[in-house]
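**Q**
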Amino acid sequence: MQFLFKTAYNDDIRFLAKTGEKVRVSIVVIFLLAAPLFLQDYYLAELGLLLVYAIAGIGLMLLTGHTGQVSFGHAGFLGIGAYAHSVLLTVGFPFLLSILTSTAIAGLVGMALGRSASKMHGFYLAIATLAFGILIETLFGEWSSVTGGHMGYAVPALQVFGVPLTEVWQQYYVDLLFALFVVVGAANLFRSPTGRSFVAVRDSELSARCLGVNVEWVKIQSFGISAAITGLAGALLAHHLTYLAPDVFGVLESLKLLLMIVVGGLGTILGAILGAIVISLLPVGLSFLKGALPPAIGQTAGLEPLLFGMIIVLVIVFEPAGLYGRWMKIRFFFETFPYYRKSSFVRQKSYLKTERMR
Amino acid sequence: MLPLSDVVHLAITGVAQGCAYGLIALGFVLIYKATEVVNFAHGEFMMLGAFAVLTLSEALGWGFWSSFLVGCMAIAVVGYIVDAQIMRRIIGESQASIFILTVAFGFIFRALAGMIFGWNARSVDAPFDGKLVVGDMIEINYDRLIIIMATVIFVIAIRLFFRRTRFGVAMQAASQNQLAAYYMGIPVKRLVSATWAIGAFIAAAAGALLAPVTQVDTTIGFLGIKALAGAIVGGFGSIYGALLGCILIGIIEPFADYFLPGIKGVSAYVVMLLVLFVRPEGLIPQTYQKKV
Amino acid sequence: MSSARTLSVKNLSIEFGGVHAVDDVSFDVEPGETFAIIGPNGAGKSTIFNLISRLYEPTNGTIHYGGQNLLDLPAHRVVSAGIGRTFQNIELFEHATVLQNLLVGRHAHMHRNPFSNFLFWPGVRKREIEHREKVEDIIDLLEITQYRDERIADLPYGARKNVELARALCAEPTLLLLDEPASGLNNEETDDISFYLDDVKHDLGVTLVMVEHDMNLVGQVADRVMAINHGKLLAIGSPDEVRENPDVQSAYLGVTE
């Protein structure tokens, strides 16, 4: 076990305290930077898509994982980002300005939703955001003069300062740049007052209020930041899709985002990233499984949603802290070897904590 | 403008549809009151109910009412098992996880239903043909009328159950304070599971009664979301509130579809969002200030 | 630490659906004193705290602190007026560490701009370090160093009480509302709390208002005591005076006239 001797306040502020963490993160970053050297285009494009979903996941994680506000409509923000970015590009905005503007638009819509959502609790919020998602999808379909309706909308090619970046590796680096920016930014939030007020609102609105946290405003902020980040992911996603259709941003997509953060582990940025990895590997694993199973079962139409559902159920029931929780246990096992005991992480018995008495 | 007879017709259809939502919402509210879990898979109980009754009457050649009873009981057992085996384990987890879990059940039920009963939409012969005609304005198909009647019967039955039976009173106690009820010797766990069974039973009944009106396929469970919207409009706190909200949604829907084709199919959500903007806790609030 | 002020409550009343939880209660708390509120269960003690911290809206009456009308403030501004509080059933941020909890305690003093926080500009780091210095002082004062990096969920009950007190102190209040600081603690821990409260009072110069059942603790630390029952004021005075008061005795012993 490694002990940390903290001698300066910066020791608490620094991201990576332990040597092991530093090594692991460096390896991942180097792998990501060098990926175009050894990955084929297909896999590189998939990796880029994974990064985009990681961004979207972090967006939702800030809201649901850290602030405790469930959103069943986050694909709406993904869509707002994607459509706004594509439309602005078509109108002639340069790439950076367009992506900034569409991020801002998604953020503002998020704040507007947050303003009404800040008074709601629990499932009222869940169902309101679900309705928001459904309505946004309808809007994309009906507002055909702008969005092209159900006919779809062609996304202009990616180019920055007049330089076309249409090669797979070029697009990958654009994704990677934004992903790193968002990861570092989100981590920054949680070593500063804003992020801490999010967590405070999640764990106890009451005492947060009594310590000077303006709970309603924090929720609005959280919705805004979360929507903006998800909108940014949407704008990047548009370039991967190349063709936008309303149903891409429907309820199923929102559920996919939620699945990501729950499976990854609520309340941690790493959880959002792990969730994105799972979501990206899921189709690969499924097609592998389909091949391995006898055709009578493997070719059945409902197999994918069935496994999708079963994975969620298994994760939530057996590892509520998600992959992140599992990772912590594995790490703890090695760090404290041979003293790890099953009871180190035993869950306390619990009874219904009522939400009606908030 | 619509002629008056059409208005009346749309309204009656709306009431029947609203009652169908209401039947589903009944289960939502029961389960919510007992456990504070909003079961997003509740519509799927309804879908399973429709399929179960359909299969029993088609494959085994049973009469409608006997397959109705057996099918709904079967779904009630499914509801009981879902709570006893799974939901019970995750009490105290974050709400997000619980919501997602019930959504995941929806996925599993839909997939299983598709695998077992097939993916194609099936239509059901109405065992109650014909329609009731009163004057030259009011006419209502029997299959819709029976939904309205079933709603009334279930509401009365539930009311009597909670007021008059030991079991029902114990359930109410458990929903007000689980820990206290537990200390008083009430078998909270079994009661909660029983609530799930009752909720599933009612949802399955709604599905079976709706089957002759709409076609049956794996996606009819999505009606559950509209039922939820209706329940929120009226207020989740009471069964009557929820029912009223559902009927309101049911009536608004056909008119909105007619006058505002742009929001066809989603008017229920528009209404719900509007209500929530004005009254964030629904028309009849249920949250109180936490005691400190 | 900062200039002490008078808390002045006049004719305070609140009704919940016809029940007078607090009924026409008036009292003053002088700067630097320790003021205890006692009474049987359900007497309205915590309700008075919730009214002062603006969680409830009074039906009648005024609350002033140092000339400022608290009723003009929303709940989240009360702490900036100098009033901190703890809760009867500990309300800590369960899934955060002790240090993070205490830093939220400094929220009212913090400069918080999501954009600069997101980018973590140098100024943000500089201010973070300043706040962390303040927090470390409190950690030393209440001797909770060994718990510093633990998650609240992993702490024993007694330590949570201390952490909650520490968190309230991080806001640098001039008046502290303590809702049953000794409830659920054993004798030894209660002694510790009274020792810490003494430090808080003398080293930091904080005025203390507490709701407490433990009459020993009240006798040890309180300068004045107010007894209430059924939301009505029974007596105010020194601990001995209040203990001798016949109304108070009958309220506690259940003797009715």
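Chains as they are written, first to last, in the numbering used here: chain A, -10 to 347; chain B, -8 to 283; chain C, 11 to 267. Glycine residues also receive a C-beta, built at the ideal position from the N, C-alpha and C atoms. Since we're looking at a predicted model, the values are computed, not measured.
Give the residues of chain C in contact with residue 198/A, contact being defined as C-beta atoms less than 8 Å apart.
**A** One-based indexing of the first sequence puts residue 198/A at position 209. Those within 8 Å of residue 198/A in chain C are 65, 85, 86.
**Q** List the residues of chain C that residue 160/A touches, going by C-beta distances under 7 Å, in chain order.
**A** Walking along the first sequence from the start, residue 160/A turns up at place 171. Correct list: empty, because the minimum Cβ distance to chain C is about 25 Å.
**Q** Please name the residues in the region 93 to 106 of chain C whose beta-carbon is closer than 8 Å to at least one beta-carbon of chain A, in chain order.
**A** The region 93 to 106 of chain C vs chain A, Cβ under 8 Å: 94, 95, 97, 101, 102, 103, 104, 105, 106.
**Q** Taking only runs that begin and end inside the region -9 to 62 of chain A, name each unbroken beta strand (DSSP E) of 3 or more residues, in chain order.
**A** List check, beta strand (DSSP E) in window: nothing returned.
**Q** Straight-line CA distance for residue 185/C to residue 254/B?
**A** Taking the first residue of the third sequence as 1, we reach residue 185/C at position 175. Taking the first residue of the second sequence as 1, we reach residue 254/B at position 263. Answer to the nearest angstrom: the Cα atoms are 56 Å apart.
**Q** Of all the CB atoms in chain A, is at least one closer than 7 Å to the CB of residue 162/B?
**A** To locate residue 162/B, count along the second sequence from 1; it is residue 171. No, its Cβ sits nowhere closer than 7 Å to a Cβ of chain A.
**Q** Between the C-alpha atoms of residue 94/B and residue 61/A, what's the straight-line distance to the nearest angstrom?
**A** Numbered from its first residue, the second sequence carries residue 94/B at position 103. Numbered from its first residue, the first sequence carries residue 61/A at position 72. Cα to Cα, the separation comes out at about 11 Å.
**Q** Out of 70/A, 131/A, 16/A, state which residue places its alpha-carbon closest to the alpha-carbon of residue 252/B.
**A** Mapped onto the second sequence, residue 252/B falls at position 261. Residue 131/A is the option with its Cα nearest to residue 252/B.
**Q** Between residue 213/C and residue 32/C, what straight-line distance do the alpha-carbon atoms span, to the nearest angstrom?
**A** Counting from one through the third sequence, the residue named residue 213/C turns up at place 203. Counting from one through the third sequence, the residue named residue 32/C turns up at place 22. For residue 213/C and residue 32/C, the distance between alpha carbons rounds to 33 Å.
**Q** Taking the C-alpha atoms as reference points, what is the distance between residue 81/A and residue 238/A?
**A** Residue 81/A sits at position 92 when you count from the first residue of the first sequence. Residue 238/A sits at position 249 when you count from the first residue of the first sequence. Computed Cα separation, rounded: 24 Å.
**Q** For chain A, check one thing: does any of its Cβ atoms lie closer than 7 Å to the Cβ of residue 110/B?
**A** Residue 110/B sits at position 119 when you count from the first residue of the second sequence. Interface residue, yes.
**Q** Thinking C-beta only, is residue 77/C closer than 7 Å to residue 21/C?
**A** Within the third sequence, the letter at position 11 stands for residue 21/C. Within the third sequence, the letter at position 67 stands for residue 77/C. Cβ distance not < 7 Å, so residue 21/C and residue 77/C don't count as in contact.
**Q** Whole angstroms are fine: how far does the CA of residue 17/B sit from the CA of residue 191/B?
**A** By one-based count along the second sequence, residue 191/B stands at place 200. By one-based count along the second sequence, residue 17/B stands at place 26. Those two C-alpha atoms are separated by around 10 Å.
**Q** At a CB-CB cut-off below 9 Å, which residues of chain A make contact with residue 264/B?
**A** Here the question's residue 264/B lines up with position 273 in the second sequence. Those are 105, 117, 120, 121, 124, listed as they occur along chain A.
**Q** Might you give, ordered along the chain, the residues of its own chain that have their beta carbon closer than 6 Å to the beta carbon of residue 229/A, omitting 5 neighbours on each side?
**A** Indexing the first sequence from 1 puts residue 229/A at position 240. The residues are 38.
**Q** Per DSSP, residue 70/C forms a beta bridge with which residues?
**A** In the third sequence, counting from the first residue as 1, residue 70/C sits at position 60. DSSP, once it has assigned bridges, lists 23/C as partnering residue 70/C.
**Q** Show which residues of chain B have a CB atom less than 7 Å away from the CB atom of residue 111/A.
**A** Position 122 of the first sequence, counted from the start, is the residue given in the question as residue 111/A. By Cβ distance, chain B contributes 86.
**Q** So, under 8 Å CB-CB, residue 33/B and residue 159/B are touching, yes? Tell me the CB distance rounded to an integer number of Å.
**A** Here the question's residue 33/B lines up with position 42 in the second sequence. Here the question's residue 159/B lines up with position 168 in the second sequence. Contact flag wrong, Cβ pair sits at about 20 Å.
**Q** Taking Cβ to Cβ, would you say residue 47/A is nearer than 7 Å to residue 171/A?
**A** The residue given as residue 47/A occupies position 58 in the first sequence. The residue given as residue 171/A occupies position 182 in the first sequence. Taking 7 Å as the Cβ cut-off, residue 47/A and residue 171/A qualify as a contacting pair.
**Q** Which of the residues in the region 273 to 305 of chain A, read from start to end, lie with their CB under 7 Å from any CB of chain B?
**A** Listed by position, the residues of the region 273 to 305 of chain A near chain B (Cβ gap below 7 Å) are 289, 290, 291, 294, 295, 297, 298, 299, 301, 302, 305.
**Q** In whole angstroms, what separates the C-alpha of residue 312/A from that of residue 258/A?
**A** In the first sequence, residue 312/A corresponds to position 323, counting from 1. In the first sequence, residue 258/A corresponds to position 269, counting from 1. Looking at the two C-alpha atoms, the distance is approximately 12 Å.
**Q** So residue 19/B and residue 222/B are in contact, right, with Cβ under 8 Å, and what is the actual spacing, rounded?
**A** For the purposes of this step, residue 19/B is identified with residue 28 of the second sequence, where counting begins at 1. For the purposes of this step, residue 222/B is identified with residue 231 of the second sequence, where counting begins at 1. That belief holds up - the Cβ atoms of residue 19/B and residue 222/B are roughly 6 Å apart, short of 8 Å.
**Q** Got a sec: is the Cβ-Cβ distance from residue 0/A to anything in chain B below 7 Å?
**A** The residue you call residue 0/A lines up with position 11 of the first sequence. False, the Cβ-Cβ gap to chain B never drops below 7 Å.
**Q** Let me see if you follow: with CB-CB separation under 7 Å, is residue 53/A close to chain B or not?
**A** If you number the first sequence from 1, residue 53/A lands on position 64. Chain B, which has a Cβ nearer than 7 Å to the Cβ of residue 53/A, makes this yes.
**Q** So, do the region 229 to 244 of chain B and the region 40 to 55 of chain B have three or more beta carbon pairs nearer to each other than 8 Å?
**A** Short answer: they don't touch.
**Q** Give the residues of chain A in contact with residue 117/C, contact being defined as C-beta atoms less than 9 Å apart.
**A** Taking the third sequence and counting its residues from 1, one reaches residue 117/C at position 107. Those are 182, 185, 186, 189, 197, 200, 201, 202, listed as they occur along chain A.
**Q** To the nearest angstrom, how far is it from the Cα of residue 270/B to the Cα of residue 13/A?
**A** For the purposes of this step, residue 270/B is identified with residue 279 of the second sequence, where counting begins at 1. For the purposes of this step, residue 13/A is identified with residue 24 of the first sequence, where counting begins at 1. If you take the alpha carbons of residue 270/B and residue 13/A, they lie about 49 Å apart.
**Q** Cβ closer than 9 Å: which chain B residues qualify as neighbours of residue 237/A?
**A** The residue labelled residue 237/A in the question sits at position 248 within the first sequence. Those do not exist, as residue 237/A stays about 18 Å from chain B at its closest Cβ, beyond 9 Å.
**Q** Based on Cα-Cα distance, which residue from 147/A, 133/A, 104/A lies nearest to residue 164/A?
**A** Taking the first residue of the first sequence as position 1, residue 164/A is located at position 175. Looking at the Cα atoms, 147/A is the closest of the given residues.
**Q** So, with DSSP's three-state summary, where would you put residue 37/C?
**A** Against the third sequence, residue 37/C aligns to sequence position 27. Here residue 37/C sits in strand by DSSP.
**Q** Distance, Cα to Cα, residue 290/A vs residue 105/B?
**A** As a working note, residue 290/A is residue 301 in the first sequence. As a working note, residue 105/B is residue 114 in the second sequence. Roughly 8 Å between the two C-alpha positions.
**Q** 7 Å is my cut-off, CB to CB: does residue 205/A come that close to chain B?
**A** Position 216 of the first sequence, counting from 1, holds the residue named residue 205/A. So, not an interface residue.
**Q** Just to confirm my understanding: we take residue 22/A, look at its own chain, exclude 5 residues before and 5 after, and list those with CB closer than 8 Å. What are they?
**A** Your numbering for residue 22/A matches position 33 in the first sequence. Counting only Cβ-Cβ distances below 8 Å, and skipping sequence neighbours, we find 165.
**Q** With distances taken between CB atoms, is the gap from residue 199/C to residue 96/C smaller than 7 Å?
**A** Within the third sequence, the letter at position 189 stands for residue 199/C. Within the third sequence, the letter at position 86 stands for residue 96/C. Not a contact, by the Cβ cut-off of 7 Å.
**Q** So, using beta-carbon positions, are residue 249/C and residue 258/C closer together than 7 Å?
**A** Along the third sequence, read from residue 1 onward, the residue named residue 249/C stands at position 239. Along the third sequence, read from residue 1 onward, the residue named residue 258/C stands at position 248. No.
**Q** Which residues does DSSP pair with residue 45/C in a beta bridge?
**A** Here residue 45/C is taken as the residue at index 35 of the third sequence, counted from 1. Answer by DSSP bridge pairing, in chain order: 219/C, 234/C.
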